[in-house]
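Here the protein sequences come in this chain order: X and D.
Read in order, the letters of the first sequence are residues 143 to 841 in the numbering used here.
Read in order, the letters of the second sequence are residues 6 to 124 in the numbering used here.
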Amino acid sequence: MSRLRRILFFVIPIISIPAIFVYDVIRAAVDLDVPSMVYVREGLIVLSFSSIYFLIEDRRTRNRGIATKEIGRLLMVSIAALVMTGTVSFFQLASQTNQEVPHFRQSSLALFLSTFVGVILGIFAIYTLQTVKDLTMFKRRKGTRRNYAFYLVSMLCACAGGVPFISTEAGIVATIFFPLSILAGILNSFKQNWIVYLSRREKIYSIIYSALLFLALLFLNLLLVQNSAGSKALEAFSRPLRTFVQINAIVGAIYFGMSFVSTLFHLPTAEVFERKQSELNSLHNLGRLVTQVFDFNDLVNTVTQMTTEVCGAKSAWLELLQSDEKTGLLNVNVVSQRNISREEIDTLAAQDNNSFRRLMLDSRKVVLIDDLWNDRRTKHVKERGSLKGSLLSVPLVAHAELIGVLHATKDFANGFDQDDIDVMTTFADHVTIALENSKLIAKSIERERLQQELEVARKMQLRLLPQRMPQIPFVDVAAVSVSSLEVGGDYYDFVSLRDGHLGIVVGDVSGKGVSAAFYMAEVKGIFLSLSKICTSPRDLLVRANQSLVESLEKNAFISLLYAILDGKNGRLTLARAGHCPLVHVSGTRCELVRPTGLGLGLTDGKIFEESTEERTIDLHKDDVCLFYTDGVTESRNSQGDEYGYERLVDAALRTRNFSADEIKNRILEDVRTFTGNRTYNDDMTLVVIKWNGSSRGKV
Amino acid sequence: MSDFKVNHRDGEGVSVIELKGYLDAHTATELENAFQKLLNEKKYRIVVNCKDLSYISSAGLGVFMAYIEDVRKNKGDIKLSNMSPKVFNVFDLLGFPILYEIYKDEKEAVVRFTEGKKS
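Listed below in structure tokens is the structure:
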């Protein structure tokens, strides 16, 4: 309702009612009788009370409370009306006994009291009407509205019959409609649906209020019986209003009398209803579970808390089954508990064959123990003297697999009924879904994390490889390394040594992924530091092995081919640590150079040193040397054949007249043609060294 | 990769593991489990028959490295036999013949164990 209308509805009665009073006083004094003014007067009264009706309704819709509160308010209004009317009646009885109606008009005090009683009882009647209306219409069924409309119409007709100077037929109308409206009121009084939704406590209050209200309305009715002082005072103000008040008082008394009886009968079921309500609320709250899947601890704590809520349990705990990775046995872990100690849980779940936990694991069905102390499954609890009462255990089953058990206890025997079991079973399903979701999310986060780690390792590894080719006189160098996975195990590097010497290393770290990247970093560090010290490749490998054998894992090793090229003199000195042999192309001859040698990290010092050989080759002008990893020779085509050494040697011979870069590209192309452009199933590295000859060649 | 198989049989105090198919990073765990099982049973005299082994990767070679130390500590050994030339080349490239006894025939490897016992 807008502010303006509210002010209007407020102003109308404030002006009208005093106006009526003034008019009454004047008429009493002057004894003037204008018949038309009677209608104006009644019209003003109807207008005023209509305004009051809307004001009260507006106020009520803005502070609508629960039914009990509404009844309480009406009780206050009724008592106020009762007290005031009673006082006025007493006052008048005491001062003017046996006075006829016209006598009131002679006294302005009497007129004032009459107006006062009219307003008070009018407000009371409107309040009663609205409260009864709200309660009747609480739950609308088909007939509810119609019955109520019938009540309203007959009541208004009865009131209209009371308008003075309406033809005598109107009097008959009133006598017909008055009982009719009471009848309708009785019909309406069966609509007591609001009681059902009250809590037990509210019901008790409602019983008290209804009883008091019934009594208050009864007294009010007594005050208003025909020819009583109150009745006369009210009639002097307005006859229709008297009818209105009377009908509402009677109907109100009937309605709340009925409420009292109904509530009384509803009281025994109050608790059941209340529990159903809270179960329903808890199940609605299951949404909370869904939002908490990101934090496992929050989730399991909410689960136990809600378990106690849904079935009114005293304590609850959640067990999850986790299979041990090593032994494959199932472990039962209590992940969350509420109002129960770990000792008590352990006592209950004593692991013998009769224990209820065993039973649960085997049967995967709901286990209900009505009396912990006297049940054969949990008799041992009695001896320890802890945990009296009843226990309900519900399995959590996901994808036909038992993932956990939800337990609830009550501290009295036979605490769980069929409803509890049903609710817990439903609840358990939701818990299972939430737990599974939580697991899935954790997994995907973990995968994401691994992906990022691999990305970091890949970037790191790429930086470990040379960023550009070394520039050494008389030496043409080209290199390529492709990786099948994010992080491969191949490594190659160059180091410029003094006097135009070039150190060339190609290696393969066993294993892939992050650990391979770390080993590669280690190898690079060792290589860079030792290459400056060791002039002999064999020496370098021996010392590298010493460092690596200690730091590598048992099942990890590194194969390496290390060569020092004297650019000026075309002399290549190499040693091999378990790596693929060097391909040496000289003219139309091609040789696989394979000095003996063990992989790095396979065995310690002495054997390695004894078995590692060093070899020196004198290069001729335009000789080509290929360093590579087994990814090249072990590349497979769709028939499962390996590329092999022969094809590599052939390719080297075919391409020997090109530049190092071109040789590299053509051999790679040859491998790709062989494999049929299948994705590489291994890492592949190829380093091409071509010696362009020098003064030595000319000599 | 899925056609890799580890067969295990016992005889004359020597355990024989037969390898079949591809031994790479994916299938290495199967061989690891086989070795672990023998070690748990305190069987340290092991012959690995590579007759049907068609390929071995560095991860596969790593499996032997992982167990040889424990086996030898317990006065046992891992001997290899019946390798195809291609597989032998992989072992050879890395220098395995220096570290492991490799025989042409399984019987020969088994005999070595029993001879060692007598002497």
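For glycine and all other residues, C-beta sits at the position ideal for the given N, C-alpha and C.
Quiz item: Since X/S586 sits in a beta bridge, which residues does DSSP pair it with?
Solution: None; X/S586 has no bridge partner.
Quiz prompt | X/K524 (DSSP reduced to helix, strand or coil) | solution = Helix, per DSSP.
Self-check item: Three-state class that DSSP yields for X/K748 in the structure shown
Solution: In the three-state reduction of the DSSP assignment, X/K748 falls in the helix class, which pools H, G and I.
Quiz item: What is the DSSP secondary structure of X/E664, counted as helix, strand or coil?
Solution: Residue state, collapsed to three classes: helix.
Self-check item: Rounded Cβ spacing between X/F769 and X/I646 (contact assumed at less than 8 Å)
Solution: Their Cβ separation, rounded to whole angstroms, is 6 Å, which keeps X/F769 and X/I646 in contact under 8 Å.
Self-check item: Straight-line gap, X/A458 to X/S465 (C-alpha atoms, nearest Å)
Solution: Whole-angstrom Cα-Cα distance: 23 Å.
Exercise. Please classify X/S594: is it buried, with 16 or more other beta-carbons within 10 angstroms of its beta-carbon, or exposed?
Key: What sits at residue 594 of chain X in the sequence shown is Gln, not Ser. Counting Cβ neighbours within 10 Å, X/Q594 comes out exposed, since fewer than 16 surround it.
Quiz item: Along chain C, which residues have their Cβ under 7 Å away from the Cβ of X/N697?
Solution: The chain inventory of the structure shown lacks chain C, comprising the protein chains X and D.
Quiz prompt | For X/A491, the three-state DSSP class (helix, strand or coil) | solution = Reduced to three states, the DSSP call for X/A491 is coil.
Quiz item: Any idea what DSSP makes of X/D166, helix, strand or coil?
Solution: In the structure shown, the three-state DSSP call for X/D166 is helix.
Quiz item: From this set, X/R731, X/D618, X/L740, which residue's C-alpha is nearest X/E804's C-alpha?
Solution: Closest option to X/E804, Cα to Cα, is X/D618.
Exercise. Let me know if X/D632 comes out buried or exposed under the rule of 16 or more other beta-carbons within 10 Å of its beta-carbon.
Key: By the 10 Å Cβ count, X/D632 comes out buried.
Quiz item: Roughly how many whole angstroms lie between the Cα atoms of X/S728 and X/C722?
Solution: In this model, X/S728 and X/C722 are separated by some 19 Å (Cα to Cα).
Quiz item: From which residue to which residue does the alpha helix (DSSP H) around D/N94 run?
Solution: Per DSSP, D/N94 is one residue of the alpha helix (DSSP H) stretching across 90-99.
Practice problem: Please list the residues of the segment 743-775 of chain X that have a C-beta atom closer than 9 Å to any C-beta atom in chain D, keeping them in chain order. | Solution: Listed by position, the residues of the segment 743-775 of chain X near chain D (Cβ gap below 9 Å) are G743, L744, T745, I749, F750, E752, S753, T754, D772.
Practice problem: Quick one: list the residues of chain D neighbouring X/C722, beta-carbon separation under 9 Å, in chain order. | Solution: Simply L98.
Practice problem: Inspect the CB distances between the segment 676-692 of chain X and the segment 798-815 of chain X and report whether three or more fall short of 8 Å. | Solution: Taking a cut-off of 8 Å for Cβ pairs, the segment 676-692 of chain X and the segment 798-815 of chain X do not touch, as fewer than three such pairs fall below it.
Quiz item: Could you check where the alpha helix (DSSP H) with X/M448 kicks off and where it finishes?
Solution: Counting along the chain, the alpha helix (DSSP H) containing X/M448 begins and ends at 438-453.
Quiz item: When you compare each of X/K374, X/L277, X/L690 to X/V259 by their alpha carbons, which one comes out closest?
Solution: Closest option to X/V259, Cα to Cα, is X/K374.
Quiz item: Between the segment 512-525 of chain X and the segment 433-442 of chain X, are three or more C-beta pairs nearer than 8 Å?
Solution: No contact exists between the segment 512-525 of chain X and the segment 433-442 of chain X.
Quiz item: Which ranges would you report for the alpha helix (DSSP H) in the segment 15-100 of chain D if only whole runs of at least 4 residues count?
Solution: If we require 4 residues or more, the alpha helix (DSSP H) runs fully inside the segment 15-100 of chain D come out as 33-45, 63-78, 90-99.
Quiz item: If contact means a Cβ-Cβ distance below 8 Å, which residues of the segment 588-614 of chain X contact chain D?
Solution: Close to chain D, meaning a Cβ-Cβ distance shorter than 8 Å, is no residue of the segment 588-614 of chain X at all.
Quiz item: At a Cβ cut of 7 Å, what residues of the segment 51-65 of chain D count as close to chain X, listed as they run along the chain?
Solution: Of all residues in the segment 51-65 of chain D, only S63, A64 place a beta-carbon less than 7 Å from a beta-carbon of chain X.
Quiz item: Does the Cβ-Cβ distance between X/S404 and X/I337 come in under 9 Å?
Solution: By the CB criterion at 9 Å, X/S404 and X/I337 fall inside the cutoff.
Quiz prompt | Rounded straight-line distance, which links the Cα of X/S693 to that of X/G914 | solution = Only positions 143 to 841 of chain X appear in the structure, and residue 914 of chain X is not among them; the question remains open.
Exercise. Under the assumption that D/G1 contacts X/A663 (Cβ atoms under 8 Å), give the Cβ distance between them as a whole number of angstroms.
Key: Coverage of chain D is limited to positions 6 through 124, which leaves residue 1 of chain D absent and any answer about it impossible.
Practice problem: Answer yes if the segment 13-32 of chain D comes into contact with the segment 41-55 of chain D, meaning at least three C-beta pairs across the two stretches below 8 Å, and no otherwise. | Solution: Contact between the segment 41-55 of chain D and the segment 13-32 of chain D is present, because at least three Cβ pairs lie under 8 Å.
Quiz item: Which same chain residues, not among the five before or five after X/I198, have their C-beta less than 8 Å away from its C-beta?
Solution: Only residues of its own chain outside the window of five on either side were considered, and among them I265, I268, Y269, Q272 have a CB closer than 8 Å to the CB of X/I198, listed in chain order.
Self-check item: Distance, X/L538 Cα to D/D97 Cα
Solution: Whole-angstrom Cα-Cα distance: 56 Å.
Quiz item: Would you call X/L332 buried or exposed, if buried means 16 or more other Cβ atoms sit within 10 Å of its Cβ?
Solution: The identity of residue 332 of chain X in the sequence shown is Phe, whereas the question assumes Leu. The residue in question, X/F332, is exposed, as its Cβ has fewer than 16 Cβ neighbours within 10 Å.
Quiz prompt | Own chain, CB closer than 6 Å to X/D708, minus 5 neighbours either side, in chain order | solution = Here the set comprises H643.
Quiz item: Just checking my contact of X/L462 with X/V477 at CB under 8 Å: how many whole Å lie between their CB atoms?
Solution: So it is a contact: roughly 5 Å between Cβ atoms.
Quiz prompt | Burial state of X/K832 (16 or more Cβ within 10 Å) | solution = Buried.
Quiz item: At least one CB of chain X closer than 9 Å to the CB of D/L104: is that the case?
Solution: It does: the Cβ of D/L104 has a partner Cβ on chain X nearer than 9 Å.
Quiz prompt | Spatial neighbours of X/Q334 in its chain, beta-carbon cut-off 7 Å, leaving aside the 5 residues before and after | solution = Answer for X/Q334: M400, S401, S404, listed in chain order.
Self-check item: Contacts that X/S701 makes with chain D (C-beta to C-beta distance below 7 Å)
Solution: Those are L99, listed as they occur along chain D.
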